[in-house]
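Counting with my numbering, you get residues 402 to 685 for the letters of the sequence shown. Cβ coordinates follow ideal geometry from the N, Cα and C atoms, glycine included. Owing to the predicted nature of the structure, the values given are computational and were not obtained by experimental measurement. The block underneath contains the structure these notes are about, expressed in structure tokens.
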Amino acid sequence: MVIYEKLTKLSNGAINTDLIINGNSKSYVQLSPKIIDSVLDLNSYNLGLDGNDFVIQKMQYDLYEKTNTPPKIIIQTVDFATLRKAEGELYNYIRFAPYINVNEVATTTKQYEGFSFVDYNLPFFKYSGQPLEVLDGFASSFNVHISPANMEKGYLQKNLTWDGTFDKFKLENKDGINSSIDKSTCDIFEAYIEECNQKNIKLILVYTPVYYEFIPYDLDRQLLFDYLNDISEKYNVPFLDYSDDELTFKKYYFFNSQHLNKEGSELFTKKLSLDIKELLKNEF
Numbered sequence: 402m403v404i405y406e407k408l409t410k411l412s413n414g415a416i417n418t419d420l421i422i423n424g425n426s427k428s429y430v431q432l433s434p435k436i437i438d439s440v441l442d443l444n445s446y447n448l449g450l451d452g453n454d455f456v457i458q459k460m461q462y463d464l465y466e467k468t469n470t471p472p473k474i475i476i477q478t479v480d481f482a483t484l485r486k487a488e489g490e491l492y493n494y495i496r497f498a499p500y501i502n503v504n505e506v507a508t509t510t511k512q513y514e515g516f517s518f519v520d521y522n523l524p525f526f527k528y529s530g531q532p533l534e535v536l537d538g539f540a541s542s543f544n545v546h547i548s549p550a551n552m553e554k555g556y557l558q559k560n561l562t563w564d565g566t567f568d569k570f571k572l573e574n575k576d577g578i579n580s581s582i583d584k585s586t587c588d589i590f591e592a593y594i595e596e597c598n599q600k601n602i603k604l605i606l607v608y609t610p611v612y613y614e615f616i617p618y619d620l621d622r623q624l625l626f627d628y629l630n631d632i633s634e635k636y637n638v639p640f641l642d643y644s645d646d647e648l649t650f651k652k653y654y655f656f657n658s659q660h661l662n663k664e665g666s667e668l669f670t671k672k673l674s675l676d677i678k679e680l681l682k683n684e685f
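The following block contains the structure:
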């Protein structure tokens, strides 16, 4: 995986796109900018960050806006993990290492476990125990990556078949799982929506398909959907829900219960792009 490519490009002001795809892995491995570009006749880029909640997503988007032109449209994917509290382990935290001297990055990442006091104050130590990341971080400054991935405009293609991890999940979570909605994260989320409205950026909230058998295990799903529907109405932003799309019933389009594979992702991206095209006609 190319862990520094996106942050390097955005910090260098090298993206400058009409449409940004923002979110976690639901964006990162499921939404193809190439297909979006072909349908909407614009230039898009996928900023999806796997394994991270909205607080981190917003931090990265703020870094994008500092050095790149604001987009006209943002596709913001949402799921049960989007609005959780900013705490605990920061997934793949080392990707932020080259930028922890940036105020926004330092302030945000300190809410999580990952970097230490030494990392923030003695820069070389932030790569301690990460020899490949040292090389990749240095090389990324020259747009050279030692960890090539099947990446296209920020979108990581997953040409995989069903991996069976959902069977293990069901055994370990027979009574389902709870997911929280944190007020402080919601405040940041709503401020982001207001900011987009003020800047005349068209924001579209999207719940991507999940394998249908997972839905009964998501015990707080209705709480999330009630909130998103309320937010959609309050701020006049579209909320596109694909949780009951026909793709959700076809296991061969998924590689696990949460993520479409390459074939499924391309089908879904085409469908989403056409739906957005209709929305844009009506200038929501």
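Chain-order list of residues whose beta-carbon lies under 7 Å from that of residue i (same chain, five-residue window excluded)
{"i": "glutamine 558", "result": "Asn551, Lys663"}
{"i": "aspartate 583", "result": "Leu484, Arg485, Lys486"}
{"i": "leucine 604", "result": "Ile475, Gln477, Ile594, Cys597, Val638"}
{"i": "aspartate 676", "result": "Leu641"}
{"i": "valine 611", "result": "Ser644, Thr649, Ser658, Gln659"}
{"i": "aspartate 438", "result": "Asn444, Ser445"}
{"i": "threonine 566", "result": "Asn657"}
Beta-carbon proximity list for residue i, same chain, < 6 Å, skipping 5 on both sides
{"i": "serine 580", "result": "Phe481, Asp621"}
{"i": "methionine 460", "result": "Glu505, Thr509"}
{"i": "serine 666", "result": "Gln431"}
{"i": "leucine 533", "result": "Its pLDDT being 46, under 50, leucine 533 is placed unreliably by the model, and the measurement read from it follows with that caveat. So no residue of the chain qualifies."}
{"i": "lysine 410", "result": "Ile416"}
{"i": "glycine 414", "result": "Thr468, Asn469"}
{"i": "histidine 660", "result": "Val430"}
From the options, residue whose alpha carbon lies closest to that of residue i
{"i": "isoleucine 602", "options": "Ser658, Tyr446, Pro472", "result": "Pro472"}
{"i": "proline 617", "options": "Gly577, Asp631, Val607", "result": "Gly577"}
{"i": "glutamate 679", "options": "Lys435, Val440, Ala415", "result": "Val440"}
{"i": "isoleucine 436", "options": "Asp588, Glu647, Gln659, Tyr556", "result": "Tyr556"}
{"i": "asparagine 502", "options": "Glu488, Glu573, Pro610, Leu464", "result": "Leu464"}
{"i": "tyrosine 628", "options": "Asp646, Leu661, Phe590", "result": "Phe590"}
{"i": "serine 428", "options": "Glu553, Glu490, Asn447", "result": "Asn447"}
{"i": "lysine 407", "options": "Tyr608, Asp631, Lys554, Leu668", "result": "Lys554"}
{"i": "leucine 648", "options": "Phe626, Asp619, Tyr636, Tyr613", "result": "Tyr613"}
{"i": "aspartate 588", "options": "Asn560, Pro610, Lys600, Ile632", "result": "Ile632"}
{"i": "asparagine 657", "options": "Ile421, Trp563, Tyr405, Gly515", "result": "Trp563"}
{"i": "phenylalanine 669", "options": "Leu523, Ile421, Ser433", "result": "Ser433"}
{"i": "lysine 672", "options": "Tyr653, Leu624, Asp646", "result": "Asp646"}
{"i": "leucine 561", "options": "Asn630, Lys652, Tyr608, Phe518", "result": "Lys652"}
{"i": "tyrosine 654", "options": "Phe516, Leu523, Thr609, Leu624", "result": "Thr609"}
Opposing strand residues paired with residue i [DSSP bridges]
{"i": "asparagine 657", "result": "His660"}
{"i": "tyrosine 556", "result": "Glu553"}
{"i": "serine 445", "result": "Leu420"}
{"i": "isoleucine 474", "result": "Leu420, Lys603"}
{"i": "isoleucine 578", "result": "Asp619"}
Unbroken beta strand (DSSP E) run spanning residue i, endpoints
{"i": "asparagine 606", "result": "It should be pointed out that residue 606 corresponds to leucine in this sequence rather than to asparagine. From DSSP, the beta strand (DSSP E) with leucine 606 extends over 603 to 608."}
{"i": "aspartate 463", "result": "Where aspartate 463 is concerned, there is no enclosing beta strand (DSSP E), although the alpha helix (DSSP H) it sits in stretches over 455 to 468."}
{"i": "leucine 572", "result": "From DSSP, leucine 572 is part of no beta strand (DSSP E) but of the alpha helix (DSSP H) over 566 to 573."}
Residue i in three-state terms, based on DSSP
{"i": "glutamine 623", "result": "helix"}
{"i": "phenylalanine 481", "result": "coil"}
{"i": "leucine 408", "result": "helix"}
{"i": "phenylalanine 640", "result": "strand"}
{"i": "glutamate 514", "result": "strand"}
{"i": "isoleucine 501", "result": "coil"}
{"i": "glutamate 488", "result": "coil"}
{"i": "lysine 651", "result": "coil"}
{"i": "asparagine 522", "result": "helix"}
{"i": "valine 506", "result": "helix"}
{"i": "asparagine 630", "result": "helix"}
{"i": "glutamate 667", "result": "helix"}
{"i": "glutamate 684", "result": "coil"}
{"i": "leucine 673", "result": "helix"}
{"i": "tyrosine 612", "result": "coil"}
{"i": "serine 439", "result": "helix"}
Residue i Cβ short of 7 Å to the ligand SAM heavy atom set
{"i": "serine 644", "result": "Among the components of this structure there are no ligands whatsoever, and the ligand SAM is therefore not found."}
Close-in-space but distant-in-sequence residues of the same chain around residue i (CB under 8 Å, 5 per side omitted)
{"i": "asparagine 425", "result": "Gly449, Leu450, Asp451, Gly452, Asn453, Asp454, Gln458, Thr478, Asp480, Ala482, Thr483"}
{"i": "tyrosine 492", "result": "Asp451, Gly452, Asn453"}
{"i": "tyrosine 500", "result": "Leu408, Ser412, Leu464, Val506"}
{"i": "glycine 489", "result": "Tyr513, Glu514"}
{"i": "valine 456", "result": "Ala487, Thr509, Gln512, Thr586, Ile589"}
Terminal residues of the alpha helix (DSSP H) in which residue i lies
{"i": "glutamine 599", "result": "584 to 599"}
{"i": "serine 426", "result": "426 to 429"}
Any C-beta of chain D under 8 Å from that of residue i
{"i": "lysine 651", "result": "This model lacks chain D altogether, as it is built from one protein chain only."}
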